[in-house]
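Numbering (the UniProt record's numbering), first residue to last: 1 to 233.
Input: a single structure, listed below in structure tokens.
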């Protein structure tokens, strides 16, 4: 015989300690599963499916990966039966708050000495982006960060980074060196021919101005590709 919870009965009929809201109050936030937390956000399910079951179905569609869920649009979430625009917006807003909290909680690195340092500095800016962005980090002679600057935004396939804008920013801030960075929302970590060509162009221009290009890092989900690490600068 199926248990009470497997018969898709409303959450209000569940034992009080198993209802997400009551469970959070009684046992704390960490006692709840991802599906139960999302169920609190969406509030209610339907006659045939509880809010928890609906949340499980959504998570299961994306291999229970919250990072993937955080990239969905309102339209994509609304495709699930039982999720309207308002519920989709609630889910997206909560996941975005979580991303921003991570950005605030991550201690700011004062100096950059490796591709790993670059990743930790810029990963919060690239997380969950569905379009390409090109950023630079400006450093002084001690490799201390002077500034982080967004150079351009583009679409899914690419963005245009103008070397004149990059070096104008470097000169205005008296930077000794520059780190280049952009993301690949397409999921392909490998640099494109355009990426390689642009990197070489900026490196050569930097030599003329006595401004070093220390690295060009490509971000893709939780991974990165460093031109410096593979000896391509």
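Built from N, CA and C at the ideal position, the CB exists for glycine as well.
Owing to the predicted nature of the structure, the values given are computational and were not obtained by experimental measurement.
Inter-residue spacing [alpha-carbon to alpha-carbon] between residue i and residue j
{"i": "residue 235", "j": "residue 82", "result": "No information on residue 235 is available, as it lies outside the stretch 1 to 233 that the chain covers here."}
{"i": "residue 121", "j": "residue 222", "result": "13 Å"}
{"i": "residue 31", "j": "residue 39", "result": "14 Å"}
{"i": "residue 75", "j": "residue 172", "result": "42 Å"}
{"i": "residue 210", "j": "residue 176", "result": "8 Å"}
{"i": "residue 131", "j": "residue 183", "result": "8 Å"}
{"i": "residue 193", "j": "residue 231", "result": "16 Å"}
{"i": "residue 167", "j": "residue 89", "result": "40 Å"}
{"i": "residue 128", "j": "residue 153", "result": "14 Å"}
{"i": "residue 219", "j": "residue 174", "result": "27 Å"}
{"i": "residue 196", "j": "residue 224", "result": "15 Å"}
{"i": "residue 2", "j": "residue 50", "result": "Low confidence applies to residue 2: its pLDDT is 42, below 50, so where it sits in the model is not reliable, and the reading given next is rough at best. Each residue's alpha carbon lies about 16 Å from the other."}
{"i": "residue 47", "j": "residue 71", "result": "29 Å"}
Exposure of residue i, with buried meaning 16 or more beta-carbon neighbours within 10 Å
{"i": "residue 142", "result": "exposed"}
{"i": "residue 216", "result": "buried"}
{"i": "residue 19", "result": "buried"}
{"i": "residue 226", "result": "buried"}
{"i": "residue 45", "result": "buried"}
{"i": "residue 85", "result": "exposed"}
{"i": "residue 214", "result": "buried"}
{"i": "residue 201", "result": "exposed"}
Range covered by the alpha helix (DSSP H) that runs through residue i
{"i": "residue 49", "result": "Per DSSP, residue 49 belongs to no alpha helix (DSSP H) and is neither H nor E."}
{"i": "residue 21", "result": "20-27"}
{"i": "residue 37", "result": "34-42"}
Q) What are the start and end residues of each continuous beta strand (DSSP E) run of 3 or more residues lying completely inside the UniProt domain "MPN" (111-233), in chain order? A) 133-139, 145-153, 177-183, 212-220 and 223-226
**Q.** Cβ pair count under 8 Å reaching 3, the stretch 49-57 against the stretch 70-79
**A.** With a cut-off of 8 Å, the stretch 70-79 and the stretch 49-57 do not count as touching, because too few Cβ pairs lie within range.
Q: Only counting runs of 4 or more residues, tell me where the alpha helix (DSSP H) segments fall wholly within the stretch 64-93, in order along the chain.
A: If we require 4 residues or more, the alpha helix (DSSP H) runs fully inside the stretch 64-93 come out as 66-69 and 74-77.
Q) Can at least three beta-carbon pairs, one atom from the stretch 86-95 and one from the stretch 147-154, be found at a separation below 8 Å? A) no
Q.
For the stretch 189-208 against the stretch 161-175, do three or more pairs of beta-carbon atoms, one drawn from each stretch, fall closer than 8 Å, so that the two count as touching?
A. In short, these stretches touch, since the Cβ pair count reaches three.
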